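K.L.:
If you read the sequence shown in our numbering, its first letter stands for residue 5, the second for the next number, and so on. Idealized CB from N, CA, C, for every residue including glycine. Values in this document were obtained by computation on a predicted structure and should not be read as measured data.
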Amino acid sequence: MRENIIILDCGSQFTQLIARRLRELKIHSVILPWDSSVEKISSYAKIHGVIISGGPDSVNAPDSITIAPEILKLDCPILGICYGMQLLAKLLGGVVSSGDSEEYGLTRIRLTGEKSRLLGNLPENINALMSHGDNVSRLPGKFSVTAETLNGVCAAIEDESGKYFGLQFHPEVANTEHGMDILRNFAFRICECSGDWDLENWVENAIANIKSQVGGEKIVCGLSGGVDSSVAAALVNRAVGEQLTCVFVNHGLMRLNEPESVLKSYENMGLNIIYVDASERFLSELAGVTDPERKRHIIGKLFIDVFDEQAAKIPGVKWLLQGTIYPDVIESGGVKSAGKKGAVVIKSHHNVGGLPENMNLKLLEPLRDLFKDEVRKIGELIRVPDEIVSRQPFPGPGLAVRCLGEITQSRLDVLRLADNIFTQELRRSGLYGNIWQAFCVLLPVRSVGVMGDGRTYQEVVALRAVNSQDAMTAEWSKIDYEVLDITAKRICNEVRGVNRVVLDITSKPPATIEWE
Ligand code: XMP
């Protein structure tokens with residue numbers, strides 16, 4: 005059984021980053037909503053510590069979120085970060101003042117608690133990321149200030165007994181100096197973690213867990229060529245081999261030669277695959293549809309229908325395997341839904357393999373604990389082919405969201421050829437591996453051109469390439485002019501129906517990565 009640190013999410017944009025940083029220290033953590041009961045928290049094994057995250061609220065606002073006070077009595081150290089520190093101070097009898105000392109951005113702080121177990125071994129002055137409107141103006145009993153800003157605002161506190169700690173700044177962000185040292189002190193010195201989270205052990209444990217979970221029962225899985233579902237299938241294949249059947253639906257919206265090459269990789273991995281070419285069904289349902297959300301809904305629903313039809317043919321199947329990863333759990337599951345503020349739907353994402361209705365399948369999600377880069381490392385460890393592990397993210401609805409306007413076979417063919425040229429040129433120049441995503445978008449716009457002696461009136465291709473860490477934000481990639489030049493020339497010369505190529509130079513936000 006591994007050690008856990010519980011992170012209570014009060015809505016900070018950095019909550020996931022705390023988990024990420026702990027993972028770098030080889031410590032497993034569990035993010036739970038701020039309103040989790042003490043019983044829920046205690047149901048996790050080997051809790052070594054609790055971290056209360058930051059959040060957008062003010063503890064003095066009438067309807068501000070708060071944690072159950074009994075949590076503070078758990079028998080482990082507790083660290084409050086930003087809003088979490090203010091909550092901790094308030095719940096333990098301190099006073100938080102609003103509005104008289106706002107600090108946002110990198111702030112110089114002075115560490116004053118030489119004997120502090122959290123901060124004692126760090127330099128006297130560090131720059132730390134602050135983002136607060138409130139501050140702790142009166143400490144709870146038996147607390148002392150262990151760091152302050154140059155304005156004299158309390159930046160860190162701890163209590164005499166060594167159980168409670170508070171940081172007004174964010175140690176988890178990269179630009180806070182010694183942030184990792186602070187988290188290391190908390191985890192190892194204070195919470196006495198040993199750092200028992202390790203990917204190789206993870207694989208062995210996961211295989212043992214899968215075996216004991218599913219016993220001799222059959223499993224079905226929807227594959228898309230994407231990293232997560234492929235790694236999940238490879239893992240389960242290692243654990244219970246023949247019991248797993250994978251369904252690979254070709255929706256006719258993949259890139260040039262992609263269905264064939266993905267299928268070949270799956271066969272090389274020894275997976276038991278049912279391949280369904282449903283491209284005509286998808287294209288006929290999409291005929292005449294131009295609205296992005298309608299496209300997404302049609303594809304999502306049809307995907308589930310096709311998958312269900314196949315899954316229903318597997319006799320005695322009891323489990324549905326999904327490649328759900330940790331960020332999916334946090335974004336779609338319990339954590340955010342417990343927050344008070346609902347998120348706006350920008351795009352309705354869909355992922356492969358909805359739960360077939362009426363089949364009562366149990367859900368198997370062996371990657372639920374992992375971040376994307378960890379999934380890739382596991383993929384490498386269990387020898388998933390490189391073309392899958394290092395594949396750029398590709399949206400579930402495929403080229404449908406890159407073929408703006410009406411989706412027809414001939415427009416998709418144009419897009420495929422253009423996209424293939426862009427990829428070839430990026431690979432040739434060695435840039436491909438350094439780019440998060442690069443692709444072409446076919447615009448439903450015609451412009452006038454001249455080719456040979458003739459006038460042309462044809463469609464426009466936009467080149468889109470971005471760099472990103474997690475797809476939440478992205479910067480457009482500054483690709484070499486030579487590469488852009490040859491790409492544009494080749495597209496106009498080799499792809500009939502396109503006479504103009506443009507480059508998308510918007511970042512996310514305000515744009516999104518995909519155009520629809
Ligand atoms: P946007 O366009 O929202 O995309 O900036 C963020 C990331 O998500 C991918 N994407 C999807 N992935 N199903 C998926 O599995 C979808 O429906 C979907 N839509 C967008 C996109 O390629 C980018 O990596």
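Following the continuous alpha helix (DSSP H) through R431, name the residue where it begins and the one where it ends.
P.N.:
As a first step, residue 431 must be located in the sequence shown, where it is residue number 427. That run of the alpha helix (DSSP H) goes 413–432.
K.L.:
Does ligand 1 have a heavy atom nearer than 7 Å to the CB of I517?
P.N.:
Mapped onto the sequence shown, residue 517 falls at position 513. I517 Cβ: within cutoff of ligand 1.
K.L.:
Using 7 Å as the cut-off, classify the Cβ of Q441 as near or not near the heavy atoms of ligand 1, replying yes or no.
P.N.:
Working through the sequence shown from its first residue, we reach residue 441 at position 437. Correct: Q441 has its Cβ closer than 7 Å to ligand 1.
K.L.:
Mind checking whether E204 and L374 have CB atoms under 8 Å apart?
P.N.:
Working through the sequence shown from its first residue, we reach residue 204 at position 200. Working through the sequence shown from its first residue, we reach residue 374 at position 370. Taking 8 Å as the Cβ cut-off, E204 and L374 do not qualify as a contacting pair.
K.L.:
Residue range of the beta strand (DSSP E) that C225 falls in?
P.N.:
Here residue 225 refers to the residue found at position 221 when the sequence shown is read from its first residue. Where C225 is concerned, the enclosing beta strand (DSSP E) stretches over 222–227.
K.L.:
Does the beta-carbon of A475, which I'm using as the reference point, lie nearer than 7 Å to any heavy atom of ligand 1?
P.N.:
Indexing the sequence shown from 1 puts residue 475 at position 471. Within the cutoff, so yes.
K.L.:
Identify the continuous alpha helix (DSSP H) that holds C250 and give its terminal residues.
P.N.:
By one-based count along the sequence shown, residue 250 stands at place 246. It is not in any alpha helix (DSSP H) - C250 instead sits in the beta strand (DSSP E) that spans 248–254.
K.L.:
Does the distance from the C-beta atom of D202 to that of E7 stay below 8 Å?
P.N.:
Within the sequence shown, residue 202 is the residue found at index 198, counting from 1. Within the sequence shown, residue 7 is the residue found at index 3, counting from 1. Cβ atoms of D202 and E7: not closer than 8 Å.
K.L.:
Helix or strand or just coil, what does DSSP make of W201?
P.N.:
Residue mapping note: residue 201 aligns to position 197 of the sequence shown, counting from 1. In the structure shown, W201 sits in coil (DSSP, three-state: anything other than H, G, I, E or B).
K.L.:
By DSSP's criteria, P1 is part of a beta bridge. Which residues make up the other side?
P.N.:
Because the chain is modelled from 5 through 520, residue 1 falls outside the range shown and cannot be assessed.
K.L.:
With DSSP run on the structure shown, which of helix, strand or coil describes Y48?
P.N.:
One-based indexing of the sequence shown puts residue 48 at position 44. Coil.
K.L.:
Just mark L12 as buried or exposed, buried being the case when its beta carbon has 16 or more other beta carbons within 10 Å.
P.N.:
Taking the first residue of the sequence shown as position 1, residue 12 is located at position 8. L12 should be labelled buried.
K.L.:
Would you give the residue range spanned by the alpha helix (DSSP H) that V266 belongs to?
P.N.:
For this step, residue 266 is matched to residue 262 along the sequence shown. Segment 262–272, the alpha helix (DSSP H) holding V266.
K.L.:
Which residues mark the beginning and the end of the alpha helix (DSSP H) in which H301 is found?
P.N.:
Looking up residue 301 in the sequence shown gives position 297. First-last of the alpha helix (DSSP H) with H301: 296–315.
K.L.:
List the whole-angstrom C-beta distance separating S511 from E479, where the pair is believed to meet the contact cut-off of C-beta under 8 Å.
P.N.:
Against the sequence shown, residue 511 aligns to sequence position 507. Against the sequence shown, residue 479 aligns to sequence position 475. Indeed, because the Cβ distance is near 5 Å, the residues count as touching under 8 Å.
K.L.:
Does N503 come out as helix, strand or coil in the three-state DSSP assignment?
P.N.:
Taking the first residue of the sequence shown as 1, we reach residue 503 at position 499. Note: N503 maps to strand in three-state DSSP.
K.L.:
Any heavy atom of ligand 1 closer than 7 Å to the Cβ of P401?
P.N.:
Translated into positions along the sequence shown, residue 401 becomes position 397. Indeed, a heavy atom of ligand 1 lies less than 7 Å from the Cβ.
K.L.:
May I have a chain-ordered list of the alpha helix (DSSP H) segments no shorter than 4 residues that lie completely inside the stretch 38–113?
P.N.:
For the stretch 38–113, whole alpha helix (DSSP H) runs of length 4 or above, ordered along the chain, are 42–46, 87–95.
K.L.:
Check whether the Cβ of K512 sits closer than 7 Å to any heavy atom of ligand 1, and report yes or no.
P.N.:
Along the sequence shown, one-based indexing puts residue 512 at 508. Under cutoff, so the answer is yes.
K.L.:
On the CB-based measure, 16 or more other CB atoms within 10 Å of its CB, does N438 come out buried or exposed?
P.N.:
Taking the first residue of the sequence shown as position 1, residue 438 is located at position 434. N438 should be labelled exposed.
K.L.:
Could you name the residues of the same chain whose beta carbon sits closer than 7 Å to that of L21, not counting the 5 residues immediately before and after it, in chain order?
P.N.:
Against the sequence shown, residue 21 aligns to sequence position 17. The residues are E176, V177.
K.L.:
Name the two residues that bound the continuous beta strand (DSSP E) containing Q441.
P.N.:
The residue you call residue 441 lines up with position 437 of the sequence shown. Per DSSP, Q441 belongs to the beta strand (DSSP E) from 441–455.
K.L.:
Taking just the CA atoms, how far does D417 sit from D508?
P.N.:
One-based indexing of the sequence shown puts residue 508 at position 504. One-based indexing of the sequence shown puts residue 417 at position 413. Approximately 21 Å, taken between the alpha carbons.
K.L.:
Leaving out the 5 sequence neighbours to the left and right, which residues in its chain are closer than 6 Å to I392 when beta-carbon positions are compared?
P.N.:
Here residue 392 is taken as the residue at index 388 of the sequence shown, counted from 1. Same-chain partners within the cutoff: S234, S269.
K.L.:
Just to confirm, are M273 and V379 a CB contact at a threshold of 8 Å?
P.N.:
Numbered from 1 along the sequence shown, position 269 holds the residue referred to as residue 273. Numbered from 1 along the sequence shown, position 375 holds the residue referred to as residue 379. No; because the gap between Cβ atoms is not below 8 Å, this pair is not in contact.
K.L.:
Going straight from the alpha carbon of G402 to that of R259, what length do you get?
P.N.:
Along the sequence shown, one-based indexing puts residue 402 at 398. Along the sequence shown, one-based indexing puts residue 259 at 255. Cα to Cα, the separation comes out at about 8 Å.
K.L.:
For the alpha helix (DSSP H) that contains Q396, what are its first and last residues?
P.N.:
In the sequence shown, counting from the first residue as 1, residue 396 sits at position 392. Unbroken run through Q396: none, as it is neither H nor E.
K.L.:
Just to check my reading of the structure: D232 and L367 have Cβ atoms closer than 8 Å, yes? What is that Cβ distance to the nearest angstrom?
P.N.:
Reading the sequence shown from its first residue, position 228 is the one you call residue 232. Reading the sequence shown from its first residue, position 363 is the one you call residue 367. Contact flag wrong, Cβ pair sits at about 14 Å.
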